[in-house]
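Comments concern the structure below.
Residue numbers (the numbering used here): 42 to 184.
As structure tokens, this is what we get:
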């Protein structure tokens, strides 16, 4: 009986340690990298430098410019999804080109979703898709 309790207790402890370790790694890798120490170029809050995603080994984009900022990014299966808040949504294609330029060699598709700055409903207004075959295609997602 005591051996059985020790085995079950050890198994539960190992599971808790594994879950805690996994959550720690996910939290550490999910943080936005700190801003670069170099002076930013005019119009940019941070230098345009792709960072390497620890899990996938692919570049991550981190940049913000006058009137827009990168809010979130996700990559999986050679695709990159970016979420951008912008004051002027008519600049979506040029912003997408600036964001995706340094990383297109690492992905087969990049989707950039544009939201109005401080948008409350959580739905994007525009999407710009990049593929090697099709280039940049902009789509309005609202009437």
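For every residue, glycine included, the Cβ atom is placed at its ideal position computed from N, Cα and C. This structure is a prediction, so every number in the text was calculated from the model and none was measured.
Under 7 angstroms Cβ to Cβ from residue i, same chain only, skipping five residues before and after it: list those, please.
i	result
residue 182	165, 166, 167 and 168
residue 177	134, 137, 138, 169 and 171
residue 61	none
residue 130	155, 157, 166 and 167
Using a 10 Å radius around the Cβ and a threshold of 16 neighbouring Cβ atoms, would you call residue i buried or exposed?
i	result
residue 136	buried
residue 50	exposed
residue 116	buried
residue 63	exposed
residue 57	exposed
Start and end of the alpha helix (DSSP H) containing residue i?
i	result
residue 172	Segment 167-172 is the beta strand (DSSP E) holding residue 172; no alpha helix (DSSP H) there.
residue 139	133-141
What are the boundary residues of the beta strand (DSSP E) that includes residue i?
i	result
residue 155	150-157
residue 180	176-181
residue 147	Where residue 147 is concerned, there is no enclosing beta strand (DSSP E), given that its DSSP letter is neither H nor E.
residue 125	120-127
Return the chain-ordered list of same chain residues with a C-beta closer than 6 angstroms to the C-beta of residue i, the five sequence neighbours on each side being excluded.
i	result
residue 110	126
residue 121	148 and 151
Please name the residue or residues paired with residue i in a DSSP beta bridge.
i	result
residue 109	106 and 127
residue 114	123
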